[in-house]
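Undergrad: Sequence order for the protein chains is A and B.
Just so we're on the same page, our numbering is the position in the first sequence counted from 1, plus 21.
Just so we're on the same page, our numbering is the position in the second sequence counted from 1, plus 36.
So that we are looking at the same thing, I have put the structure below in structure tokens.
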Amino acid sequence: LAKTTQPISMDSYEGQEVNITCSHNNIATNDYITWYQQFPSQGPRFIIQGYKTKVKNEVASLFIPADRKSSTLSLPRVSLSDTAVYYCLVGRVFSGGYNKLIFGAGTRLAVHP
Amino acid sequence: DAGVTQSPTHLIKTRGQQVTLRCSPKSGHDTVSWYQQALGQGPQFIFQYYEEEERQRGNFPDRFSGHQFPNYSSELNVNALLLGDSALYLCASSLRDREYGYTFGSGTRLTVV
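See below:
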């Protein structure tokens, strides 16, 4: 499984755009990249997933360069409620379809007024 | 549409005791995974159940066992509790072969004293 590296913590202010970069140098051809968000005392929540180029949904964008060795989660105009831990995961659907999520330590984002 | 339901929400046990945690998956999901999350760490995969059988297991001792029932609900059992077992235990449900479809519960906070 590809190992991921992301910053331990980040600080931002309300209304700013936040970009969290994740490094995954050993990503395999059939791996895809998924980001989760976790608030204190809650389970992780799926944010976005992508394989290559750019993916966008109502809450975030995911940028993946051609070599796929890194990815960037972009949160537009953050608010105080975006203060959370953000996890970057890289994985694949294994043979037979039994798969698991491998979490690292994540990035603790603190949004200030 | 109910999401993943875990019970109890909090639990205090004494070293050496046994504990059972319960999980009801999201409607339509057939696979249940359990994770342990120590304070300040990312969730660690314990095991996964599908069709009432353990399909994958993480690096956890045999003290950790589980069960899945015909209605897809699941239990996590931990025997001979250690202080180090204190953590947030998360249940995630999914539909087989759909990795991005994981839905997490809010977890059970277990404290071993």
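Cβ atoms here follow ideal geometry from the backbone N, Cα and C, with glycine treated the same way.
Tell me the rounded alpha-carbon separation between S30 (chain A) and T104 (chain A).
TA: Roughly 11 Å between the two C-alpha positions.
Undergrad: Apart from the five residues just before and just after P44 (chain B), which ones in its own chain have a Cβ nearer than 7 Å to its Cβ?
TA: T144.
Undergrad: For S122 (chain B), name the three-state secondary structure that DSSP assigns.
TA: Coil.
Undergrad: Distance check for Q58 (chain A) and G36 (chain A), CA to CA, integer angstroms please.
TA: Their backbone Cα atoms lie some 19 Å apart in a straight line.
Undergrad: Span of the beta strand (DSSP E) holding I69 (chain A)?
TA: Residues 66-71.
Undergrad: Determine the burial state of L118 (chain B): buried for a count of at least 16 other Cβ atoms within 10 Å of its Cβ, exposed for fewer.
TA: It is exposed - the Cβ of L118 (chain B) has fewer than 16 other Cβ atoms within 10 Å.
Undergrad: Just the C-alpha distance for R89 (chain A) and Q27 (chain A), rounded to the nearest angstrom, thanks.
TA: For R89 (chain A) and Q27 (chain A), the distance between alpha carbons rounds to 15 Å.
Undergrad: In the DSSP assignment, what residue or residues form a beta bridge with H46 (chain B)?
TA: Partner(s): B:R145.
Undergrad: Can you name, in chain order, every residue of its own chain whose Cβ lies under 6 Å from the Cβ of G120 (chain B), other than the five neighbours on each side?
TA: None.
Undergrad: Quick check on S116 (chain A): does DSSP put it in helix, strand or coil?
TA: For S116 (chain A), the pLDDT reaches just 47, beneath the cut-off of 50, and the residue's location in the model is therefore unreliable, leaving the point undetermined.
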